[in-house]
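Engineer:
Structure (structure tokens):
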């Protein structure tokens, strides 16, 4: 157990250095940070532009002027963030630089360290069988480190079939909907392979919060190499399956099915109204987050959303 704790502390120190030296230097400054959102306090009205959130339409001003207007919001000075950390058995897989569960830990660390400002609070719902675990939202650094340490030392989930058949991710999102009472930021870090049905609770979260879906992927989930006979194990059920990977038709069908699956996941996230960023075990997760932030900035500028002035916190609550 001491070896596990020592390794966990080493991993957390490396993560904090990566966030503070690489992400913080690249993404902080006079403009929006890693996961910007809009405030909840009403500001001035302006004419509607394509791409504006229809939930911000000011119907009274629109009726008076006969031109569609929206109400901008004022940035909140305090942010409550909730992360949904998927720790199910399917995350215990990785064939490149790390396992998918390591990317979940990295995503939670990035959100935690970059949103750690006076008054900001961070809580978590950890998706582990049989029942998700709630880490209360607190603002102190000790609570953040305790959460990361808990994720880093989390025992691997057993490969057993679920008796009730209910996807754990759905339960975790429903719990988050109940505990995240204040408007804020919700980050869901998962491979989204835990069955169907999570789109609806995610859509309910986006109606109140700024939601970011962090999808973690391993390259072997996208393409099957020609390495002869493979014995595959379903991490969620423990079922075994022998596959002859030397068959080019089988590999082509696998690639097509994997592409269709990822397209369906991306479509469900988009329909739920959440932002989508993909982290892969064979790429630098820091650079992937930077690309996501820059792309989001461009979209917000194109919609006419002003940059956040200097001194405003790294993120703010959603409408």
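Residue numbers (this note's numbering): 1174 to 1492. Using N, Cα and C, we set each Cβ at its ideal position, and we do this for glycine too.
Any idea what DSSP makes of residue 1417, helix, strand or coil?
Structural biologist: Walking along the chain shown from the start, residue 1417 turns up at place 244. Here residue 1417 sits in strand by DSSP.
Engineer: Select from 1375, 1357, 1369 the residue whose C-alpha is nearest the C-alpha of residue 1347.
Structural biologist: Position 174 of the chain shown, counted from the start, is the residue given in the question as residue 1347. When each option's Cα is compared against that of residue 1347, the closest is 1375.
Engineer: Per DSSP, residue 1448 forms a beta bridge with which residues?
Structural biologist: Taking the chain shown and counting its residues from 1, one reaches residue 1448 at position 275. According to DSSP, which records beta bridges pairwise, residue 1448 is partnered with 1385.
Engineer: What are the partner residues of residue 1218, as DSSP defines its beta bridges?
Structural biologist: Translated into the one-based positions of the chain shown, residue 1218 becomes position 45. Its beta-bridge partners are 1244.
Engineer: Over the uninterrupted alpha helix (DSSP H) stretch that includes residue 1350, give me the two end residues.
Structural biologist: Residue mapping note: residue 1350 aligns to position 177 of the chain shown, counting from 1. Start and end: 1341 to 1352.
Engineer: On the DSSP bridge assignment, give the partners of residue 1253 in chain order.
Structural biologist: Reading the chain shown from its first residue, position 80 is the one you call residue 1253. In DSSP, residue 1253 forms a bridge with 1294.
Engineer: What residue ranges within the segment 1263 to 1327 form continuous alpha helix (DSSP H) runs of no fewer than 4 residues, ordered along the chain?
Structural biologist: Counting whole runs of 4 or more residues, the segment 1263 to 1327 contains the alpha helix (DSSP H) stretches 1273 to 1287, 1314 to 1325.
Engineer: Given that a residue counts as buried once 16 or more other Cβ atoms are within 10 Å of its Cβ, and exposed if not, what is residue 1467?
Structural biologist: Sequence index remark: in the chain shown, residue 1467 carries index 294 (1-based). Residue 1467 should be labelled exposed.
Engineer: Just to confirm the assignment, what range does the alpha helix (DSSP H) spanning residue 1378 have?
Structural biologist: On the chain shown, residue 1378 is found 205 positions in, with the first residue counted as 1. Unbroken alpha helix (DSSP H) run through residue 1378: 1372 to 1379.
Engineer: Since I believe residue 1378 is in contact with residue 1349 (beta carbons under 8 Å), could you give me their beta-carbon distance rounded to a whole number of angstroms?
Structural biologist: Locating residue 1349 in the chain shown gives position 176, counting from the first residue. Locating residue 1378 in the chain shown gives position 205, counting from the first residue. At roughly 7 Å, the Cβ-Cβ gap stays under 8 Å, so residue 1349 and residue 1378 are in contact.
Engineer: In whole angstroms, what separates the C-alpha of residue 1469 from that of residue 1384?
Structural biologist: Taking the first residue of the chain shown as position 1, residue 1469 is located at position 296. Taking the first residue of the chain shown as position 1, residue 1384 is located at position 211. Looking at the two C-alpha atoms, the distance is approximately 13 Å.
Engineer: Using the C-alpha atoms, what's the distance from residue 1398 back to residue 1420?
Structural biologist: Stepping through the chain shown from its first residue, residue 1420 is reached at position 247. Stepping through the chain shown from its first residue, residue 1398 is reached at position 225. Looking at the two C-alpha atoms, the distance is approximately 10 Å.
Engineer: By how many angstroms is the C-alpha of residue 1188 removed from the C-alpha of residue 1449?
Structural biologist: The residue labelled residue 1449 in the question sits at position 276 within the chain shown. The residue labelled residue 1188 in the question sits at position 15 within the chain shown. Whole-angstrom Cα-Cα distance: 22 Å.
Engineer: How is the beta strand (DSSP E) around residue 1404 delimited, first residue to last?
Structural biologist: Stepping through the chain shown from its first residue, residue 1404 is reached at position 231. Note, residue 1404: beta strand (DSSP E), 1402 to 1406.
Engineer: Below 8 Å, can you find three or more Cβ-Cβ pairs linking the segment 1361 to 1368 to the segment 1232 to 1242?
Structural biologist: The segment 1361 to 1368, when compared against the segment 1232 to 1242, does not touch it at the 8 Å Cβ threshold.
Engineer: What do you reckon, are the CB atoms on residue 1408 and residue 1455 nearer than 7 Å?
Structural biologist: As a position in the chain shown, residue 1408 is number 235, starting the count at 1. As a position in the chain shown, residue 1455 is number 282, starting the count at 1. No, they are not a contact pair.
Engineer: Residues in its own chain within less than 8 Å of residue 1273 by CB, not counting five upstream and five downstream?
Structural biologist: By 1-based counting over the chain shown, the position of residue 1273 is 100. If we look at residue 1273 and ignore the five residues flanking it on each side, its Cβ neighbours are 1263, 1264, 1265, 1266, 1267, 1364, 1389, 1390, 1391, 1454.
Engineer: Tell me, please, which residues DSSP counts as bridged to residue 1134.
Structural biologist: Any question about residue 1134 goes unanswered here, given that the chain covers just 1174 to 1492.
Engineer: List the endpoints of the continuous alpha helix (DSSP H) containing residue 1456.
Structural biologist: Indexing the chain shown from 1 puts residue 1456 at position 283. Residue 1456 -> no alpha helix (DSSP H), and no H or E assigned at all.
Engineer: Residue 1396 by DSSP, collapsed to three states: which one?
Structural biologist: Counted from its first residue, the chain shown places residue 1396 at position 223. It is coil, neither helix nor strand.
Engineer: Just checking my contact of residue 1327 with residue 1260 at CB under 8 Å: how many whole Å lie between their CB atoms?
Structural biologist: Here residue 1327 refers to the residue found at position 154 of the chain shown. Here residue 1260 refers to the residue found at position 87 of the chain shown. Yes, they are in contact, since the Cβ atoms of residue 1327 and residue 1260 sit about 5 Å apart, within 8 Å.
Engineer: May I have the straight-line CA-CA distance separating residue 1286 from residue 1352, to the nearest angstrom?
Structural biologist: Here residue 1286 is taken as the residue at index 113 of the chain shown, counted from 1. Here residue 1352 is taken as the residue at index 179 of the chain shown, counted from 1. Their Cα atoms are separated by approximately 21 Å.
Engineer: So the candidates are 1413, 1465, 1356, 1431; which of them puts its Cα closest to the Cα of residue 1251?
Structural biologist: Locating residue 1251 in the chain shown gives position 78, where the first residue counts as 1. For the residues 1413, 1465, 1356, 1431, the minimum Cα distance to residue 1251 belongs to 1356.
Engineer: Can you tell me whether residue 1369 is helix, strand or coil according to DSSP?
Structural biologist: Translated into the one-based positions of the chain shown, residue 1369 becomes position 196. Coil, per DSSP.
Engineer: Mind checking which residues open and close the alpha helix (DSSP H) that includes residue 1238?
Structural biologist: Sequence index remark: in the chain shown, residue 1238 carries index 65 (1-based). Start and end: 1232 to 1238.
Engineer: If we ignore side chains and look at the alpha-carbon of each, how far apart do residue 1471 and residue 1415 end up?
Structural biologist: The sequence position of residue 1471 within the chain shown is 298, counting from 1. The sequence position of residue 1415 within the chain shown is 242, counting from 1. Answer to the nearest angstrom: the Cα atoms are 46 Å apart.
Engineer: Considering only the beta carbon of each residue, do residue 1319 and residue 1257 sit closer than 7 Å?
Structural biologist: Against the chain shown, residue 1319 aligns to sequence position 146. Against the chain shown, residue 1257 aligns to sequence position 84. For residue 1319 and residue 1257, no; Cβs fall outside 7 Å.
Engineer: Do residue 1255 and residue 1359 have their beta-carbon atoms positioned less than 7 Å apart in this structure?
Structural biologist: Walking along the chain shown from the start, residue 1359 turns up at place 186. Walking along the chain shown from the start, residue 1255 turns up at place 82. The answer is yes: Cβ separation under 7 Å.
Engineer: Between residue 1460 and residue 1276, which are expected to be in contact by the criterion C-beta below 8 Å, what is the C-beta distance as a whole number of angstroms?
Structural biologist: One-based indexing of the chain shown puts residue 1460 at position 287. One-based indexing of the chain shown puts residue 1276 at position 103. The pair is not a contact, with the Cβ atoms about 13 Å apart (cut-off 8 Å).
Engineer: How is residue 1183 classed by DSSP in three states: helix, strand or coil?
Structural biologist: Along the chain shown, read from residue 1 onward, the residue named residue 1183 stands at position 10. Residue 1183: helix per DSSP, three-state reduction.
Engineer: May I ask you to list the residues that DSSP assigns as paired with residue 1363?
Structural biologist: For the purposes of this step, residue 1363 is taken as residue 190 along the chain shown, with counting starting at 1. The partner list for residue 1363 (beta bridge, DSSP) reads 1388.
Engineer: Only counting the same chain, and skipping five residues up and downstream in sequence, which positions put a Cβ closer than 8 Å to that of residue 1185?
Structural biologist: Here residue 1185 is taken as the residue at index 12 of the chain shown, counted from 1. Contacts found: 1282, 1318, 1321, 1322, 1325.
Engineer: Among the candidates 1394, 1225, 1443, 1444, whose CA atom is the shortest distance from the CA of residue 1432?
Structural biologist: If you number the chain shown from 1, residue 1432 lands on position 259. Measuring from the Cα of residue 1432, the nearest candidate turns out to be 1394.
Engineer: Report, in whole angstroms, the separation of the C-beta atoms of residue 1305 and residue 1341, which I expect to be a contact under 8 Å.
Structural biologist: Here residue 1305 is taken as the residue at index 132 of the chain shown, counted from 1. Here residue 1341 is taken as the residue at index 168 of the chain shown, counted from 1. With 8 Å as the limit, residue 1305 and residue 1341 qualify as a contact, their Cβ atoms being about 7 Å apart.
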